[in-house]
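These notes are about the structure you will find just below.
See below:
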């Protein structure tokens, strides 16, 4: 999954004005940096979701229920959510490149150990360590780009990094699906570890040395004060809730869909199950179109359209026809990515200070939603089948609607109060 935004602080060590040392498109250093961070994005997100397409095989081999196996995904995303904020603070002291290098190295090393886990307990524990390590990369990459790239080129540079995230998440699932079909799930996880190791070497060889980073001192009190301010902002809290609820739907659907499609009456092979994640390309298009959608119908209108699309996809997925299920996945994916793009972009726009920490909190909520969705979706499926997973998704969608409606009501009430204050001021 693409990161919501940076978790690194922009208050210390970040460039506040353009530097003559910043990179521009066309320069050799810019190209090296772009390829390096693209490789890092592929590696981290291939590792983060490496077990998701393999859950039915893991369950069968280790004798685990769907809910127990789902923790191999939820433990990684949950650990990422918990560690992204503290690691963003450490990157202020020890540097972006060092944090990214160490995080990626640990994640890859653990990734090469994961295939040898003797049971589900060890597998979940290793995946939690891996998720915690991965948290250090998105926490530092955006800050590195903001410091090292000319402002006019920043959007393009971030876009390539996010593309690496998306391609990594998608290609990792596809790779594991086809390798597992031929040689089993352990070989599939080993192949992802090998891919990530190659990407990590490319990243380290190509990444230019940071030239605009100034180390800062760790200030836990200042960080806690900033976080407290953000959590006291009702609009930011609503945006965090929307991100978590959207990701609950997405995590539940894609954690469980493999179990449904490998069982009767579909009986799809593991390779095709992995290839279903090509649907992610639809999300790339819908997230890119979200900006135009907001310009046309507003942020709340865009959220309502995203929610409607997601809900329609959930209901369509109840059909017993494979084409209908795939069409449902297309709608769910398009709606999710559009909603996520609207919510995450609104966070930085809303925060008046500490925008990086505001985005890191969104990222934490987002991945906690992924963990909750994956686990609860699997529990629901184990208890009552796919309709129960869809019901969970519908409840989360209704949560997004409720939060958005409450926001609309609060905005109208605030405007009325403002008008009353103006009237009283005139008199």
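Numbering (this note's numbering), first residue to last: 62 to 488.
Note that CB positions come from ideal geometry on N, CA and C, so glycine has one too.
Whole-Å CB distance - residue i paired with residue j, under 8 Å assumed
i, j, result
"residue 102", "residue 226", "4 Å"
"residue 426", "residue 419", "Going by Cβ atoms, the distance from residue 426 to residue 419 rounds to 11 Å, so no, they are not a contact pair."
"residue 111", "residue 237", "6 Å"
"residue 165", "residue 254", "Not quite, the Cβ-Cβ distance comes to about 12 Å (not below 8 Å), so this is no contact."
"residue 388", "residue 377", "6 Å"
"residue 263", "residue 97", "7 Å"
"residue 154", "residue 269", "Not confirmed; about 21 Å, so no contact."
"residue 272", "residue 209", "7 Å"
"residue 360", "residue 407", "6 Å"
"residue 171", "residue 191", "4 Å"
"residue 336", "residue 401", "Actually they do not touch by this definition, with Cβ atoms about 23 Å apart."
"residue 434", "residue 397", "Actually they do not touch by this definition, with Cβ atoms about 11 Å apart."
"residue 379", "residue 448", "6 Å"
"residue 239", "residue 332", "4 Å"
"residue 372", "residue 455", "6 Å"
Spatial neighbours of residue i in its chain, beta-carbon cut-off 6 Å, leaving aside the 5 residues before and after
i, result
"residue 188", "133, 136 and 137"
"residue 106", "226, 229 and 230"
"residue 118", "241 and 246"
"residue 296", "411"
"residue 421", "68, 145, 146 and 149"
"residue 432", "135, 138 and 139"
"residue 184", "133 and 178"
"residue 258", "169"
"residue 471", "none"
"residue 100", "260, 263 and 264"
"residue 126", "443"
"residue 459", "none"
Short Cβ contact (7 Å threshold) for residue i with residue j
i, j, result
"residue 181", "residue 129", "yes"
"residue 403", "residue 457", "no"
"residue 195", "residue 338", "no"
"residue 356", "residue 450", "no"
"residue 468", "residue 453", "no"
"residue 157", "residue 201", "yes"
"residue 284", "residue 142", "no"
"residue 310", "residue 368", "no"
"residue 193", "residue 108", "no"
"residue 93", "residue 366", "no"
"residue 351", "residue 399", "yes"
"residue 175", "residue 256", "no"
"residue 206", "residue 161", "no"
"residue 392", "residue 370", "yes"
"residue 104", "residue 261", "yes"
"residue 113", "residue 211", "no"
"residue 308", "residue 446", "no"
"residue 334", "residue 342", "no"
"residue 390", "residue 340", "yes"
Close-in-space but distant-in-sequence residues of the same chain around residue i (CB under 8 Å, 5 per side omitted)
i, result
"residue 464", "299, 302, 303 and 306"
"residue 473", "none"
"residue 252", "236, 237 and 240"
"residue 279", "150, 151, 153 and 154"
"residue 294", "411 and 412"
Below-7 Å beta-carbon distance, residue i vs any chain D residue
i, result
"residue 437", "No chain D appears in the structure shown, which is made up of a single protein chain."
Residues of its chain near residue i, where Cβ-Cβ distance is below 7 Å and the 5 sequence neighbours each way are ignored
i, result
"residue 436", "128, 131, 132 and 135"
"residue 291", "297, 412, 415, 418, 419 and 422"
"residue 327", "383"
"residue 329", "322 and 323"
* Please list the segments of the alpha helix (DSSP H) lying wholly inside the region 307–363, counting only runs of 4 or more residues, in order along the chain. => DSSP runs (the alpha helix (DSSP H)) wholly in the region 307–363: 331–336.
* Which full runs of the alpha helix (DSSP H) of 4+ residues lie inside the region 215–281, going along the chain? -> Complete alpha helix (DSSP H) runs here, min 4: 215–244 and 246–267.
* Pair every Cβ in the region 380–397 with every Cβ in the region 318–338, then say whether three or more of these pairs are closer than 8 Å. => With a cut-off of 8 Å, the region 318–338 and the region 380–397 count as touching, because enough Cβ pairs lie within range.
* To do: Jot down the residue ranges of each uninterrupted alpha helix (DSSP H) in the region 99–143, minimum 4 residues, whole runs only, in chain order.
  => Segments of the alpha helix (DSSP H) lying fully in the region 99–143: 116–123.
* Asked: Which runs of the beta strand (DSSP E), 3 residues or longer, sit entirely within the region 143–210?
  -> You should have found no qualifying run.
* Whole alpha helix (DSSP H) elements within the region 391–451, 4-residue minimum -> Entirely contained in the region 391–451, the alpha helix (DSSP H) runs reaching 4 residues are, in chain order, 416–445.
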